[in-house]
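Respectively, the protein sequence lines represent chains U and X.
Sequential numbering of the first sequence, starting at 4, is according to our numbering.
Sequential numbering of the second sequence, starting at 4, is according to our numbering.
Glycine included, every Cβ here is placed at the ideal spot set by N, Cα and C.
Below: the structure, in structure tokens.
2 protein chains.
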Amino acid sequence: MAEIGERELARLEGIKRTVKGFLNLNPIQRGGILTPEARKAVGEWADGYSLCDFCDGVLESIKKPPIDEFVHETLPRFIDADEVRLTHGAREAKYMVMHAICKPGSTIVADSNAHYSTHVAAERNKLLIVEVENNNYPEYRVDVEKYAERIEEVKEKTGKPPSLAVITFPDGNYGNLPDAKRVGDICSEYGVPLLINAAYAIGRMPVSLRDLGADFVVGSGHKSMASSGPIGILGLRGDLSEQVLRKSSEYKNKEVEMLGCGPRGLPLITLMASFPAVYERVKHWEGEVENARFFIKKIEEINGIQQLGIKPTEHDLNFLETNVFYEISKKHKKGRFFLYRELKKRDIIGVKPGLTKNFKISTYEFNKDELKKIIDAFKEIAMLK
Amino acid sequence: MAEIGERELARLEGIKRTVKGFLNLNPIQRGGILTPEARKAVGEWADGYSLCDFCDGVLESIKKPPIDEFVHETLPRFIDADEVRLTHGAREAKYMVMHAICKPGSTIVADSNAHYSTHVAAERNKLLIVEVENNNYPEYRVDVEKYAERIEEVKEKTGKPPSLAVITFPDGNYGNLPDAKRVGDICSEYGVPLLINAAYAIGRMPVSLRDLGADFVVGSGHKSMASSGPIGILGLRGDLSEQVLRKSSEYKNKEVEMLGCGPRGLPLITLMASFPAVYERVKHWEGEVENARFFIKKIEEINGIQQLGIKPTEHDLNFLETNVFYEISKKHKKGRFFLYRELKKRDIIGVKPGLTKNFKISTYEFNKDELKKIIDAFKEIAMLK
């Protein structure tokens, strides 16, 4: 152990989150805000391994707190899955499925709007990805019919169907919601397992693994289920579940892909404590879509701002092309940082410092007054030219 | 989405931790109790992905809060490692190293006191384990010289040296601290990479990866670093680090084995906030060993109780053989649950309900008065016969 200086240690003391009180447009921040119930639970359960007080060897079988019922009954009903497992996040769930059912060297098919973590999870598993392309600017729509073509291609090229198909529902750039059910039908026809990445769906909108006709779906607690990170869920359906949930040959009650136990800590408590509110909020998803459309409509009244992606938007996450801000940045004394600063002056954050040409935002759970405040800010800033 | 009943939802409301105010002997609970500083930070940072407010694409490069300095300077100095990475826990770190450097089908060598998660991580990687045995009852001491024999055996049998050696320092049953440095020397001689599982060491006692002569060391935030679960650390040293930390071919700033970013949430904030206190407490490790020895000495004055494992103990985690309680349980009207109940009456928990013959306990961070209270309780309960 080398000496660590006092000043270095002091920098770890009393670290404050500086964004409190701001309206935060960053899509990764909106769906993970804790409910008051979860906030209460945090004080109660923050210590180390607190939820393991009454464990008999398997995290997901703990009765007190009621993890067993939550994982084996509540969550499967919530997403119409046969089984649900807790993971450290959506990416860890994707990795787990790929690791369990795809042979290294095999090829998978994924939409070109897939999150980078789908690619990295595949790379970690030594899988190749063939992409189903989108139609590019300005819509970036994935043509789901092309899943059939790509599957055929992989069969022809490798002699085998893809070991997995992945569809991102919605993607994290444009908030496009592809017809995942149609992908499910195509994959069923070809006997290709399908995984739906619903990190921005589960906890925001109703999602039914059964209705979408897929084998696996992954969700994110910190992204969309009002939970402290890191936590995610994996929903499973059908015969392939067994492979993913296989038990250790030596430790009979431990699941191999879970390394025994998954997220053994506070994030799970927040997922549980927030769940009644999350269950309720997904029923009001249409209101969120209306708010997003209202926001986009108002914002597009500014010359030089338009929403990219499918229109009208079907999700709270949206990608904006903002030429008007880019033009201002060319002449403004703060240069490309002007937008970040101007927004911050107006108590708005979540657009990355330096971006002016385009960026993504989310309107999730903003009320009308907050939306209006953001719209007014955009309008004022656009007048700076 | 199927309907979820009101009563089922109500069971998730206001879930309380029922063990508050009790002296908790469970070894997994003692080293993860948050510091007051961490407790404050929890309120500040509990939302979803809060620490990603100012992220440029890599969790461990975030400057605000000061994750970058913490991961790249502070932690490496703390454990004398070249590099440190954050993981979801010690098991996930073990899995990551095995995945990066061991070919499926290869053999690793591990001590027979290894945690089950070492076995499950190996199984998930399709590795075989050859065990270095301990000397059984009552000491369970691992003869570290036998690492050489086992390595030779693997070479003879498979034509190759083991792809990794693992030593558990200390193990989680007896708290035995093997001579890891000697294992490091043997492994160096044979050119076998060594991983030290220090989940019960880092954060409790000084640990130096360099001095132990190993390539990798894993630690646990929730077990021993006063952090909310799940979080762990991986320390790396030497040439093999590159393989573990390799970047994605497609996403140049993302590490493949990390799936891009590791523990993106509150547990990391608690690890950082507690760190100054943890850095201080490891300097007083000798006091903890003294307390453990004091406790064992007093407890062994009771006829029919003895500590198993290496004596005198060198760790706060100890395994007790308690024949006296077993004998009482045979006649007691509560049967084998009497001990749990009698301890609970005296505000003591952490011995699993139903155990009477033997169990493990930890005395970590109990003060003398608390130790005396526990000793008196054991003495009183032993009189029930």
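Suppose you measure from the CA of M4/U to the CA of K19/X; what does that come to, to the nearest Å?
By one-based count along the first sequence, residue 4/U stands at place 1. By one-based count along the second sequence, residue 19/X stands at place 16. Rounded to whole angstroms, M4/U to K19/X spans 39 Å at the Cα level.
Just mark K149/X as buried or exposed, buried being the case when its beta carbon has 16 or more other beta carbons within 10 Å.
Sequence index remark: in the second sequence, residue 149/X carries index 146 (1-based). By the neighbour-count rule (16 or more Cβ atoms within 10 Å), K149/X is buried.
Restricting to Cα atoms, I'd like to know which of N306/X, E16/X, V354/X is closest to F39/U.
Walking along the first sequence from the start, residue 39/U turns up at place 36. Per the sequence shown, the amino acid found at residue 39/U is Pro instead of Phe. Selected option, being the one with the closest Cα: E16/X.
Quick one: measure Cβ to Cβ for L215/X and K184/X, integer angstroms, because I've assumed they're closer than 8 Å.
Taking the first residue of the second sequence as 1, we reach residue 215/X at position 212. Taking the first residue of the second sequence as 1, we reach residue 184/X at position 181. Their Cβ separation, rounded to whole angstroms, is 5 Å, which keeps L215/X and K184/X in contact under 8 Å.
Name the chain X residues whose beta carbon is nearer than 9 Å to that of Q32/U?
For the purposes of this step, residue 32/U is taken as residue 29 along the first sequence, with counting starting at 1. Chain X residues near Q32/U: D50, G51, Y52, S53, C55, D56.
Are the CB atoms of F219/U and L198/U within a distance shorter than 8 Å?
Start at 1 with the first residue of the first sequence, and residue 198/U comes out as number 195. Start at 1 with the first residue of the first sequence, and residue 219/U comes out as number 216. Yes, the pair counts as a contact, with Cβ atoms nearer than the cut-off.
Between the region 278-291 of chain X and the region 22-33 of chain U, are three or more C-beta pairs nearer than 8 Å?
Verdict: no, contact absent.
Using the beta-carbon of each residue, which ones in chain X are nearer than 8 Å to L262/U?
As a first step, residue 262/U is located in the first sequence; it is residue number 259 there, counting from the start. The contacting residues are R94, E95, Y98, S120, V123, A124, R127.
Tell me, which residues are paired with R88/U by DSSP?
For the purposes of this step, residue 88/U is taken as residue 85 along the first sequence, with counting starting at 1. Beta-bridge pairing links R88/U to L237/U.
Quick check on N326/X: does DSSP put it in helix, strand or coil?
Taking the first residue of the second sequence as position 1, residue 326/X is located at position 323. Helix, per DSSP.
Should E317/U be flagged as near chain X, meaning a C-beta pair shorter than 8 Å?
In the first sequence, residue 317/U corresponds to position 314, counting from 1. No, E317/U does not count as interfacial toward chain X.
List the endpoints of the continuous beta strand (DSSP E) containing L131/U.
Counting from 1 along the first sequence, the entry for residue 131/U is found at position 128. Run containing L131/U: 131-135, per the beta strand (DSSP E) assignment.
Could you tell me which residues DSSP puts in a beta bridge with I111/U?
Here residue 111/U refers to the residue found at position 108 when the first sequence is read from its first residue. Answer is I132/U, L167/U, bridged to I111/U.
In the structure shown, what three-state DSSP assignment does K363/U receive?
In the first sequence, residue 363/U corresponds to position 360, counting from 1. If DSSP states are grouped into helix, strand and coil, K363/U belongs with the strands.
Listing by chain order, which chain X residues have their CB less than 8 Å from the CB of M406/U?
Beyond the ends of chain U as shown, which are 4 and 388, falls residue 406/U; an answer cannot be given.
Thinking D114/U and P181/U are a contact (beta carbons under 8 Å), I'd like their distance in whole angstroms, please.
Sequence index remark: in the first sequence, residue 114/U carries index 111 (1-based). Sequence index remark: in the first sequence, residue 181/U carries index 178 (1-based). Correct: roughly 7 Å between the Cβ atoms.
With DSSP as the reference, label I65/U as helix, strand or coil.
Taking the first sequence and counting its residues from 1, the one referred to as residue 65/U is at position 62. Coil at I65/U, not helix or strand.
Do you know whose CA, among L387/U, T316/U, H335/U, lies nearest E363/U's CA?
To locate residue 363/U, count along the first sequence from 1; it is residue 360. A small correction: the amino acid at residue 363/U is Lys; Glu does not occupy that position in the sequence shown. When only C-alpha atoms are compared, the closest one is T316/U.
May I have the straight-line CA-CA distance separating A202/X from S227/X, to the nearest angstrom?
The residue labelled residue 202/X in the question sits at position 199 within the second sequence. The residue labelled residue 227/X in the question sits at position 224 within the second sequence. Roughly 7 Å separates the two Cα atoms.
Against T77/X, what residues of chain U qualify as contacts under a CB-to-CB distance less than 7 Å, listed in chain order?
Counting from 1 along the second sequence, the entry for residue 77/X is found at position 74. The answer, in chain order, is I7, E11.
Below 8 Å on C-beta distance, what does I36/U contact in chain X?
The count along the first sequence starts at 1 and reaches residue 36/U at position 33. Correct list: D50, G51.
Say whether chain X places a C-beta atom closer than 8 Å to the C-beta of L15/U.
Taking the first residue of the first sequence as position 1, residue 15/U is located at position 12. Interface residue, yes.
Hey, is A3/X's beta-carbon within less than 8 Å of any beta-carbon in chain U?
No statement about residue 3/X is possible, as the shown extent of chain X runs from 4 to 388 and does not include it.
By how many angstroms is the C-alpha of R153/X removed from the C-alpha of E258/X?
For the purposes of this step, residue 258/X is taken as residue 255 along the second sequence, with counting starting at 1. For the purposes of this step, residue 153/X is taken as residue 150 along the second sequence, with counting starting at 1. Whole-angstrom Cα-Cα distance: 33 Å.
Taking C-beta pairs closer than 8 Å, name the residues in chain U that Y254/X reaches, listed in chain order.
To locate residue 254/X, count along the second sequence from 1; it is residue 251. Under the 8 Å cutoff, chain U gives Y119, H122, V123.
Please list the residues of the region 266-283 of chain U that have a C-beta atom closer than 8 Å to any C-beta atom in chain X, keeping them in chain order.
Hits within the stretch, in order: P266, R267, G268, L269, P270, I272, T273, M275, A276, F278, P279, Y282.
Report the rounded CA-to-CA distance for H91/X versus K301/U, giving the unit in angstroms.
Working through the second sequence from its first residue, we reach residue 91/X at position 88. Working through the first sequence from its first residue, we reach residue 301/U at position 298. Distance between the alpha carbons of H91/X and K301/U is about 43 Å.
If we cut at 8 Å on Cβ distances, does G232/U have a partner in chain X?
The residue you call residue 232/U lines up with position 229 of the first sequence. G232/U counts as touching chain X.
Are any of the Cβ atoms in chain U nearer than 8 Å to that of S115/X?
As a first step, residue 115/X must be located in the second sequence, where it is residue number 112. S115/X does not count as touching chain U.
How about L320/U and I308/U: are their beta carbons less than 8 Å apart?
Translated into positions along the first sequence, residue 320/U becomes position 317. Translated into positions along the first sequence, residue 308/U becomes position 305. In this structure, I308/U does not lie closer than 8 Å to L320/U by Cβ.
For K382/U and E304/U, what's the separation of their Cα atoms in angstroms?
Mapped onto the first sequence, residue 382/U falls at position 379. Mapped onto the first sequence, residue 304/U falls at position 301. Roughly 9 Å between the two C-alpha positions.
Does H335/X have its Cβ less than 8 Å from a Cβ in chain U?
Translated into positions along the second sequence, residue 335/X becomes position 332. By this cut-off, H335/X is not an interface position.
Spatial neighbours of L342/U within its chain, please: C-beta separation below 6 Å, excluding the five flanking residues on both sides.
The residue labelled residue 342/U in the question sits at position 339 within the first sequence. Contacts found: F328, T359.
Can a CB atom of chain U be found closer than 8 Å to the CB of A201/X?
The residue given as residue 201/X occupies position 198 in the second sequence. With 8 Å as the cut-off, A201/X does not count as an interface residue toward chain U.
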